[in-house]
Amino acid sequence: MEDQSPYQASRVVPAAATRRDWRDEPPREITSPIRHMWIMLAIGAVAGGIGTIGLLASGDPANRFLLLVMAATFVIYGLATFGVYKRSRTAACAVLVLCAMSVLGTLLNISSGQGSLSGVGFTALLAFVSVRGTLATFRYHRHMRTVRSRPPRTRLSEDLAFAPKLQPAIADVSRE
């Protein structure tokens, strides 16, 4: 019955420090740009998928090259979305490179006189979100490395002040 006492410390060994403390979670300033980036990529993947389905539905054999490009765009955006969602630095850098190519294409369109204000605005938004998301991905990994380098916090139940009091074994000398 003494083992059931609520005033005695439990004899259960606490689990290893595999569970992170809620204070170790990355702050919102880090996770927000990453979320914005993968949502932007998911919207691009959905647009590429809709375009691919639309070209497939048309059935025009002259659009085969365009169909191939749209399908490749859908796959690339889908993989990039998954990579950024999983907070991959490689995927974030690849998206940044694709964004830089988009910016160069927009600059070429402007220099040839075919650029539009909406195209420039969309490319600027794309570049802004991509740069913020890529930097936030690197900051996330730096934060997690710092969290893993700290020793695990001790629980209150592991503190020596709250350890169970052991009764000294008294030899029964009076019987001798």
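Read in order, the letters of the sequence shown are residues 671 to 846 in the working numbering.
For glycine and all other residues, C-beta sits at the position ideal for the given N, C-alpha and C.
* Asked: Which one of T701, L738, L774 and A764 has the shortest CA to CA distance from A750?
  -> A764
* Asked: Distance, Cα to Cα, L774 vs L768?
  -> 10 Å
* Might you give, ordered along the chain, the residues of its own chain that have their beta carbon closer than 7 Å to the beta carbon of S725, omitting 5 neighbours on each side? => This sequence places Leu at residue 725; Ser is not what is there. N733, L736, L737 and M740.
* Meets three-Cβ-pair contact criterion under 8 Å: the region 694-704 and the region 807-825 -> yes
* 8 Å contact criterion, which A761 and G748 should meet: CB distance rounded -> That pair is no contact at about 11 Å.
* Cutoff 7 Å; reference H813; Cβ partners in own chain excluding five residues on either side -> P696 and I700
* Take I704 and list the residues in its own chain whose beta-carbon comes closer than 7 Å to its own, dropping the five residues that flank it on each side. => Correct list, in chain order: V754, R757, G803, A806, T807 and Y810.
* Cutoff 7 Å; reference T776; Cβ partners in own chain excluding five residues on either side -> So the qualifying residues of the chain are G785, G789, V790 and T793.
* To do: Please go through the same chain and pick out, in chain order, the residues whose beta-carbon is closer than 7 Å to the beta-carbon of A715, but skip the five residues on each side of it.
  => Within the same chain, A715 has close Cβ partners F744, Y747, G748 and T751.
* To do: Go ahead and pull the three-state DSSP assignment for A833.
  => It is coil, neither helix nor strand.
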